[in-house]
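A.B. asks: Add 10 to a position in the sequence shown, counting from 1, and you land on the number used in the working numbering. Ideal Cβ positions, reconstructed from N, Cα and C, are used throughout, including at glycine.
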Amino acid sequence: MSNPQVESRAPGAGEFLTVLEDAYLQAKRMRRSIRMDDSLAHGLGLDSLAAIEMLLVVEQHYGIELVDTDEVTRTETVADLYRLVTRLVAAR
Numbered sequence: 011m012s013n014p015q016v017e018s019r020a021p022g023a024g025e026f027l028t029v030l031e032d033a034y035l036q037a038k039r040m041r042r043s044i045r046m047d048d049s050l051a052h053g054l055g056l057d058s059l060a061a062i063e064m065l066l067v068v069e070q071h072y073g074i075e076l077v078d079t080d081e082v083t084r085t086e087t088v089a090d091l092y093r094l095v096t097r098l099v100a101a102r
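Structure, rendered in structure tokens:
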């Protein structure tokens, strides 16, 4: 049975940033504006647990797997993550 809340199409950039901001809020318990050029490791101030929490929210929203992929370890910016998510959603 499919999850009716899973996004079935590749996200637009604005939608993706909103999803990521919501994921950041859940992981860090604080709201923050996120830009495509933000660094995932340094710019967002995420420790490894918060980063995984954020990725899990994105996974659930788009119905994809990020945490267990080698590709996610090579993402440096929000834009890199956006391109990866877009590609994975399109490949489903």
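Under three-state DSSP, which class holds Ser-58?
C.D. replies: Numbered from 1 along the sequence shown, position 48 holds the residue referred to as residue 58. In the structure shown, Ser-58 sits in a helix (DSSP, three-state: H, G or I).
A.B. asks: Give, in chain order, every unbroken run of the alpha helix (DSSP H) that is at least 4 residues long and sits entirely within the stretch 27-101.
C.D. replies: 58-72, 80-83 and 88-101
A.B. asks: Between His-71, Thr-87, Glu-81 and Thr-79, which has its C-alpha nearest Arg-19's C-alpha?
C.D. replies: By 1-based counting over the sequence shown, the position of residue 19 is 9. Ranked by Cα distance from Arg-19, the first of His-71, Thr-87, Glu-81 and Thr-79 is His-71.
A.B. asks: Hey, how far is the Cα of Leu-66 from the Cα of Val-82?
C.D. replies: Taking the sequence shown and counting its residues from 1, one reaches residue 66 at position 56. Taking the sequence shown and counting its residues from 1, one reaches residue 82 at position 72. Roughly 12 Å separates the two Cα atoms.
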